Each structure stands twice: as C-alpha cells, then as structure tokens.
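Enquirer:
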Amino acid sequence: MEVGPGELRGMLARGEPLFILDVRTPEEFAGWHIPGAVNIPVDAVEADPGALALPADRPVITVCAHGNR
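Numbering-wise (my numbering), the sequence shown opens with residue -6 and increments by one.
#1: At what residues does the beta strand (DSSP E) containing Asp36 begin and finish?
#2: Alpha carbon to alpha carbon, what distance is there between Val56 and Leu14?
#3: Could you check where the alpha helix (DSSP H) with Leu47 kicks off and where it finishes?
#4: Please state whether DSSP places Leu1 in a helix, a strand or coil.
#5: Exposed or buried, what is Arg51 when buried is set at 16 or more other beta-carbons lying within 10 Å of its beta-carbon?
#6: Pull up the distance between the alpha-carbon of Ala6 and that of Gly43, whole angstroms please.
Next up, the structure:
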C-alpha cells in the first residue's frame, strides 16, 4: 500500500500509532525528517534484512527521497 504525503500528515495529526522507517542516507535524514522517525539507510537494510526488527503491532511507513529505494 502506498501512502502519500497528505495522507501521512493526516495519520500523524490524528495520532495514529505508526512506525516511521526512513531509509534515506544519514545526510538526507539530518536535512529533514519526520519527528520520531528511525533512520536505517537502505544499504544497511539490504545488507542484513533479518537484523531489522519491525514492530508487529502498528503499521510501518517507509520514507525515502525518490520513491524507489
């Protein structure tokens, strides 16, 4: 499922329980990020996907800069 920026803003404004995974580079993350987001660059995720512990009790929203990471 794809969530657009406007829909995500609404989800955050409503206080919906979300896990925001930002897969951009640390430099991109430092430039701006969604408050509360966790930054794990896509290279790290691809190198060891089994090490990524995602919560099972809430939706995971993945954020990237280009929509294709």
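Even glycine gets a Cβ: it sits at the ideal position worked out from N, Cα and C.
It should be emphasised that the depicted structure is a prediction, and the values quoted were computed from it without experimental measurement.
Expert: Result, derived from the coordinates:
#1: Premise fails: Asp36 lies in the alpha helix (DSSP H), 35 to 40, not in any beta strand (DSSP E).
#2: 6 Å
#3: Taken as a continuous stretch (DSSP letters only), Leu47 belongs to no alpha helix (DSSP H), as it is neither H nor E.
#4: helix
#5: exposed
#6: Ala6 and Gly43: Cα-Cα distance of roughly 32 Å.
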